[in-house]
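Residue numbers (the working numbering): 2 to 319.
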């Protein structure tokens with residue numbers, strides 16, 4: 002009976018062993034998952050640090066991050082080895098041959114996992130090295146590009162300032178030249194106007210003096226002098242009456258001497274001007290007047306005629 006019962010016990014022992022093996026494999030898979038998750042987190046942290054290092058342009062920080070990642074990978078591998086060792090220990094406590102076989106298979110799986118971890122760690126280290134190399138390669142170029150950009154901006158600023166200063170200087174020169182030209186033109190216009198006013202006043206003075214200065218002894222010459230200093234309709238009318246006027250002067254034995262006290266231009270219209278004149282004449286004649294003063298207020302129209310300023314109209318103002 003004892004021998005008949007042995008097979009069932011062996012079968013039970015084998016089933017327990019298989020259960021233990023399955024449990025060990027599950028624990029190994031869980032340990033591998035934990036190790037993989039830890040590696041993934043470590044790699045993500047490393048990549049974030051590398052990104053910050055690249056942005057800051059510090060290659061030393063990237064190297065330290067790579068060393069930290071290697072330490073994390075070693076720690077993860079140690080954790081996996083500890084988990085696998087615990088699994089092997091649980092498996093080896095069973096004295097059956099099948100348990101030993103399962104432990105060997107678990108050991109084989111562990112070695113494969115370790116091999117994968119080592120390869121993954123090497124790959125991570127290689128990636129970190131390449132990233133650091135890329136960062137170190139890119140940093141000088143970026144710095145040079147930024148320096149060139151800043152230098153270009155400075156040159157553009159200086160160029161803009163230079164152009165602005167030149168434009169301002171040219172503008173000031175143009176304004177100065179324009180103002181100077183305007184002042185010269187104004188001075189010329191003022192001088193020319195003043196000269197014309199003086200000429201009109203001189204023409205009015207001369208015409209009035211000729212009209213109020215007569216001597217019966219030389220009446221014809223005096224009348225001709227009045228004609229020569231006049232123009233226009235006034236000249237024509239006076240010339241027509243010149244003989245009668247000469248006869249009256251000679252018969253009356255008139256002697257007059259005229260002077261102009263004041264004269265001013267009232268208005269200018271083209272080549273003519275209206276001049277107000279205040280004059281005095283002293284008269285001596287056959288009627289008994291002897292050097293009597295007489296005052297006159299006259300409105301004389303003076304016209305430019307061939308460069309000469311002559312009377313063209315004469316009005317007495319009461």
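Glycine residues also receive a C-beta, built at the ideal position from the N, C-alpha and C atoms.
If you measure between the beta carbons of residue i and residue j, is that distance less than 8 Å?
i	j	result
residue 227	residue 239	yes
residue 200	residue 230	no
residue 314	residue 287	no
residue 305	residue 272	yes
residue 311	residue 204	yes
residue 275	residue 232	no
By Cβ distance below 6 Å, which residues in the same chain neighbour residue i in space, the five residues on each side in sequence not counted?
i	result
residue 249	none
residue 265	277
residue 114	Any reading at residue 114 must be qualified, since the residue scores a pLDDT of 44, below 50, and its modelled position is unreliable; no value is offered.
What does DSSP give as the partner residue(s) for residue i in the beta ladder?
i	result
residue 317	299
residue 193	Answer is none; residue 193 lacks a bridge partner.
residue 268	275
residue 311	304
Which same chain residues end up closer than 7 Å to residue i when comparing Cβ atoms and leaving out the 5 residues on each side of it in sequence?
i	result
residue 280	209, 213, 259, 260, 261, 262, 297 and 299
residue 294	281 and 283
residue 221	247
residue 235	312, 313, 314 and 315
Can you give me the start and stop residues for the alpha helix (DSSP H) that residue i sits inside?
i	result
residue 255	Run containing residue 255: none; DSSP gives neither H nor E here.
residue 236	233 to 241
residue 220	220 to 229
Under DSSP, the beta strand (DSSP E) around residue i begins and ends at which residues?
i	result
residue 274	273 to 285
Using C-beta distances below 8 Å, list every residue in its chain close to residue i, excluding the 5 sequence neighbours before and after it, in chain order.
i	result
residue 223	211, 214, 215, 216 and 250
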